[in-house]
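The structure under discussion appears below in the form of C-alpha cells.
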Amino acid sequence: MKSDIKLFENGKRLDGRRPDELRKIKIEVGVLHRAEGSCYLEWGDNKVLAAVYGPREAVPRHTQNPLRAIVNARYNMAAFSVDDRKRPGPDRRSREISKVISEALEYVILLEKFPRASIDVNIEVLDAEAGTRVAGLTAAAVALVDAGIPMKDIPVGCAAGKIEGKVVLDLGKEEDNYGDADLPIVISPRTNEILLLQMDGHLTPKEFDEALDLAIKGCHEVSKMQKEAIMKKFEKEAQ
Amino acid sequence: MTIIPSIKKDYLIKLAKNGKRVDGRKFDEFRNIEIEVGVVKKAEGSARVKIGNTQVITGIKMDVGEPYPDSPDSGVMSTAAELIPMASPDFEAGPPREDAIELARVVDRGIRESELIEVDKLCIEPGEKVWIVFIDIHILDYDGNLFDAASLASLAALMTAKVPAEQFELGEDYPLPLKEPPISCTSVKFNGVVVMDPSLDEEEIAEARLTVATDKNGDIRAMQKGLNGSFTVEEIKKVIKASTDNGKKIREQLYKSVGK
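Order-wise, the sequence lines are chains A and B.
According to numbering that gives the first Met the number 0, the first sequence holds residues 0 to 238 in order.
According to numbering that gives the first Met the number 0, the second sequence holds residues 0 to 259 in order.
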C-alpha cells in the first residue's frame, strides 16, 4: 500500500520519535479481583488487559497432558478496539496469535510442576494501535508473575520494522500500515533466546540483522519496565 | 511423549551427534521434491507437490466479487488449508483447527507480503467488481514439513492459473498476473541441532520451528517461528542463510515445472 504520508521528517517520525525510540509504556500489576494474576498495559495507544487463571484441571480432559501443564493463551480483540467494528469471537488471525503466544509462554513456565493442569491466560485488546501481540504477551508475562506461576524468566516482546527504507523500533499505526516490514519478537531476556518471531514485508539480510538487534534492545528496555511494575506491587503489599 | 517416540528421539539425537539424519540427509538438505501442475481440471490452476512422502494439492478457484472498502481497486486473495483425515491418523474432520489455520496463514503471508499476485491488475470495476483468488490447500499425506509443501504447491498452482474471464463474459481467459515467487524453507531444532525440511520423525521431537521465505535477490519476505522451544540469534542467521541457498535450487525447479 502506497500513500503520500511522509513517515520521516528531519530524522523524526510521525509521532516525533527517534528511530530507536519506543512509544510510551505504562504497566500496572494486579488490577483485577477475581483473576489469580493480572496486568494492565498501555503501549502508545494500545490498551491491553491480561488475566491468568490456574494452574487448574485442564478441560476438556483429552487436552490434559499427564506429564506437564498446558498453557492456554487466548488473545482476543474487543469489537470496539479497531476503526471498523470487529465481529466478536475468535477469527483466524487471533487464533494464530493465541497459538504463538501460548508456545512462547510454555518455554519459560515450569510446566512439569503441574501435570494435567492448564494455565489459562486471557489477553483482551481494548484499544488497538499496532503491536498488540507483543503488548499482549508482555502484559501476560507480568500477569503470570502476579499469579505466582513459577517461571525461569519473564518473557518480553517488542517489534522492529522498516519505514521508508530505514530500520526503526516499535512501529506505530501509520508506520505499520504504510511501512515496508514488521518484525515482532519475544525473547527470554536472561539468555536472549528467541521465543516468538514473525516477519512480514521486505528486508535484506543486512536489514534483518539490524532490525533483530534493535528489537532485542527494545525488549530489554521493556523488560526493565515489567520488573519495575512488579517491584512497585511488592512495595505496595509491604506497606 | 509415549515410549516409542522417546526411544526414537534418543536414536535421532544419537545420530545427530554424529552429524547424521535418519534418512541419510545432511542437516541442511531437502528431501526429493516433485512438482506436477494441472492435476485438477475444474480448477483455474492446480499443483501436486511431494516432498519425500509428504503430499499436498493446491487448487486455485476464482470468482468475481466485491473489493474490500479500503482497497477498492485491488483483487482479493484468500488462503485456506484442510488437514483432511486421509493424510494422517491424527487429523480429524471438521472445521480447521489452529494447526491448519497457522499453516494457511503462513502460506498466505509468504504470497501476500511478496506481492506475488498483482492484485491491482485484478480490478474489473473500481469499488464494485474485482477478481477473488481462492487458494485451497489439501494435505493428502503427512510425513513432515507441511509448510513448505503447501507453499510450493500454492506457488506452482498460481503460476499456472488462468483467469476465467470467458466464463464471466469479461473477454478472453488470460494468465494470472504474477511477480516473482518467494520460496519458503522450514527448519526445526531438537537437542541443539537445526535441520532443514524435517521429516515426520524429526517434527515429532522438534522443540522449535522456523520458516523463512526468501525472494530471488535473497531478501527475506516472511518468517514464522513456531513451537515452544527457542532459537539463538546465531541459529536464526544460519537458518536464513540455509533457506536462501535451498530457496535458490527450489526456485529453479519450480520454474522448470511450470514451464517458465
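Here a beta-carbon is modelled for each residue, glycine too, at the ideal position from N, C-alpha and C.
All values reported here derive from a predicted model rather than from experimental measurement.
Spatially closest choice to residue i from the options, by CA coordinates
{"i": "A:Gly171", "options": "A:Glu209, A:Lys151, A:Met198 and A:Gly130", "result": "A:Gly130"}
{"i": "A:Val141", "options": "A:Leu13, A:Arg12, A:Phe233 and A:Leu213", "result": "A:Phe233"}
{"i": "B:Ala15", "options": "B:Gly217, B:Met222, B:Val75 and B:Pro197", "result": "B:Pro197"}
{"i": "B:Gln166", "options": "B:Asp89, B:Asn216, B:Leu11 and B:Ala42", "result": "B:Ala42"}
{"i": "A:Glu220", "options": "A:Asp208, A:Ala180, A:Asp169 and A:Lys235", "result": "A:Asp169"}
{"i": "B:Glu233", "options": "A:Ser222, A:Ala228, A:Gln238 and A:Phe207", "result": "A:Phe207"}
{"i": "A:Asp19", "options": "A:Lys25, A:Lys11 and A:Ile26", "result": "A:Lys11"}
{"i": "B:Ser242", "options": "B:Pro71, B:Leu11 and B:Ile219", "result": "B:Ile219"}
{"i": "B:Ala156", "options": "B:Val257, B:Lys7 and B:Asn17", "result": "B:Val257"}
{"i": "A:Ala139", "options": "A:Asp212, A:Asn71, A:Gly15 and A:Gly43", "result": "A:Asn71"}
{"i": "A:Ile153", "options": "A:Glu41, A:Glu35, A:Leu109 and A:Pro87", "result": "A:Leu109"}
{"i": "A:Asp212", "options": "A:Val30, A:His201, A:Glu192 and A:Arg91", "result": "A:Glu192"}
Under 7 angstroms from the C-beta of residue i: neighbouring residues of chain A
{"i": "B:Met222", "result": "Leu196, Gln197 and Met198"}
{"i": "B:Arg108", "result": "Asp199"}
Counted within 10 angstroms of its Cβ, other Cβ atoms place residue i as buried (16 or more) or exposed
{"i": "B:Leu67", "result": "With the sequence shown as reference, residue 67 of chain B is identified as Tyr, and Leu is not the correct amino acid for it. Answer is exposed; the Cβ neighbour count stays below 16."}
{"i": "B:Glu65", "result": "exposed"}
{"i": "A:Thr62", "result": "exposed"}
{"i": "B:Arg47", "result": "buried"}
{"i": "B:Lys40", "result": "exposed"}
{"i": "A:Lys1", "result": "Here the model assigns A:Lys1 a pLDDT of 49, short of 50, so the residue's position is not dependable, and the following value carries that caveat. Exposed, because fewer than 16 other Cβ atoms sit within 10 Å of the Cβ of A:Lys1."}
{"i": "B:Ser150", "result": "buried"}
{"i": "A:Met230", "result": "exposed"}
{"i": "A:Asp199", "result": "buried"}
{"i": "A:Lys79", "result": "One detail in the question is off: residue 79 of chain A reads as Phe in this sequence, not Lys. Exposed, by the Cβ-count rule."}
{"i": "A:Gln225", "result": "buried"}
{"i": "B:Glu201", "result": "buried"}
{"i": "A:Glu95", "result": "buried"}
Which of helix, strand or coil DSSP assigns to residue i
{"i": "B:Ile134", "result": "strand"}
{"i": "B:Arg208", "result": "strand"}
{"i": "A:Asn45", "result": "strand"}
{"i": "A:Tyr39", "result": "strand"}
{"i": "A:Pro54", "result": "strand"}
{"i": "A:Pro188", "result": "coil"}
{"i": "A:Val99", "result": "helix"}
{"i": "B:Gly58", "result": "strand"}
{"i": "A:Gln197", "result": "strand"}
{"i": "A:Tyr106", "result": "helix"}
{"i": "A:Phe113", "result": "coil"}
{"i": "A:Arg16", "result": "coil"}
{"i": "B:Phe230", "result": "strand"}
{"i": "A:Lys165", "result": "strand"}
{"i": "B:Tyr10", "result": "helix"}
{"i": "B:Tyr67", "result": "coil"}
{"i": "A:Ala78", "result": "coil"}
{"i": "A:Gly10", "result": "coil"}
{"i": "B:Asn31", "result": "coil"}
{"i": "B:Lys259", "result": "coil"}
{"i": "A:Thr203", "result": "coil"}
{"i": "B:Tyr141", "result": "coil"}
{"i": "A:Asp152", "result": "coil"}
{"i": "B:Asn52", "result": "coil"}
{"i": "A:Asn71", "result": "strand"}
Beta-carbon proximity of residue i to residue j, cut-off 8 angstroms
{"i": "B:Arg111", "j": "B:Met76", "result": "yes"}
{"i": "A:Lys165", "j": "A:Ala210", "result": "no"}
{"i": "B:Val132", "j": "B:Cys122", "result": "no"}
{"i": "B:Ala86", "j": "B:Asp140", "result": "yes"}
{"i": "B:Val192", "j": "B:Ala207", "result": "no"}
{"i": "B:Ser73", "j": "B:Gly58", "result": "no"}
Cross-chain neighbours of residue i in chain A, by beta carbon under 9 angstroms
{"i": "B:Glu171", "result": "Per Cβ cutoff of 9 angstroms: no residues; B:Glu171 is ~30 angstroms from chain A at best."}
{"i": "B:Gly258", "result": "Near B:Gly258 there are no residues of chain A at all, since even the closest Cβ is about 28 angstroms away, more than 9 angstroms."}
{"i": "B:Asp218", "result": "His201, Leu202, Thr203, Pro204, Glu206 and Phe207"}
Under 8 angstroms by beta carbon: chain A residues contacting residue i
{"i": "B:Phe230", "result": "Glu192, Ile193 and Leu196"}
{"i": "B:Leu226", "result": "Glu102"}
{"i": "B:Asp244", "result": "What B:Asp244 touches in chain A: nothing, since even the nearest Cβ is about 12 angstroms away."}
{"i": "B:Glu97", "result": "Arg94, Glu95, Ser97 and Lys98"}
{"i": "B:Arg30", "result": "Residues of chain A passing the Cβ test: none, with the nearest at roughly 25 angstroms."}
Within chain B, partners of residue i - CB distance below 9 angstroms
{"i": "A:Ser187", "result": "Ser229"}
{"i": "A:Val99", "result": "Glu101, Gln223, Lys224 and Gly225"}
Within chain B, the residues that residue i reaches when beta carbons sit closer than 7 angstroms
{"i": "A:Tyr106", "result": "Asn227, Gly228 and Ser229"}
{"i": "A:Arg91", "result": "Ile100 and Arg104"}
Residues that residue i contacts on chain B, provided the C-beta gap is smaller than 8 angstroms
{"i": "A:Lys112", "result": "Here the premise fails: no neighbours, minimum Cβ distance about 16 angstroms."}
The ligand ATP heavy atom lying under 7 angstroms from the CB of residue i
{"i": "A:Ala214", "result": "Although the ligand ATP was asked about, the structure shown includes no ligands whatsoever."}
(request) Check distances from the C-beta atoms of the region 193-215 of chain A to those of chain C and list, in chain order, the residues that come in under 9 angstroms. (result) Absent from the structure is chain C; the protein chains it does hold are A and B.
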